[in-house]
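In UniProt numbering, the protein residues as written are 1 to 164. For every residue, glycine included, the Cβ atom is placed at its ideal position computed from N, Cα and C. As the structure is a computational prediction, the values presented were derived from the model and not from experiment.
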């Protein structure tokens, strides 16, 4: 039997699954960071429109993370001036199983295929689990935007340099 791919390029048909994952993961990851109203009144239609734009835009690559035929997360890569890991969400019950590390290997392979020596990602400063993970993956803080009126809009930027 062929080994199941962990990262599946997303299509328009996958957008509802991505949004459902986002809504569920935000509820466990960002409660107390994002305003409760933003989580409790999750705007499904707005997120659908934004995700459809990403799936169809050539500067974005969106992938479902699938294990045992179940969608357990997703990641989004934006290729503009610099390759950016725009989002990496893994359902809580699948975290700490090496899937995040595999996602980073996947993003590094993507960078190599696109002749990039590094990539960046932005993280909400209060998301300490993500920050710890990014630092374990070799990320170095290269910038901070901490002066926003709403603290959930603040960010810390990490750079990841590829090694051969």
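Excluding the 5 residues flanking it on each side, residue 140 has same chain C-beta neighbours closer than 7 Å at 158 and 159, in chain order. When the five nearest sequence neighbours on each side are left out, the beta carbons in the same chain lying within less than 7 Å of the beta carbon of residue 104 are those of 137, in order along the chain. By the Cβ test, the segment 54-69 is not in contact with the segment 25-45, since fewer than three Cβ pairs between them sit closer than 8 Å.
The beta carbon of residue 94 sits closer than 6 Å to those of 72, all from its chain and outside the five residues before and after it, given in chain order.
When the beta-carbon positions are compared, residue 161 and residue 117 come within less than 9 Å of each other.
Across the set 81, 19 and 24, the C-alpha of 81 shows the shortest separation from the C-alpha of residue 114. Residue 35 and residue 133 have their alpha carbons spaced roughly 24 Å apart. For residue 73, the uninterrupted beta strand (DSSP E) segment begins and ends at 70-79. Per the C-alpha coordinates, the member of 32, 130 and 70 positioned closest to residue 87 is 130. Residue 6 sits in coil when the DSSP states are folded into three classes, being neither helix nor strand.
Residue 91 carries a coil assignment under DSSP once its states are collapsed to helix, strand and coil.
For residue 151, the number of other beta carbons within 10 angstroms of its own is below 16, and it is reported as exposed.
Only exposed fits residue 69, as fewer than 16 other CB atoms lie within 10 angstroms of its CB.
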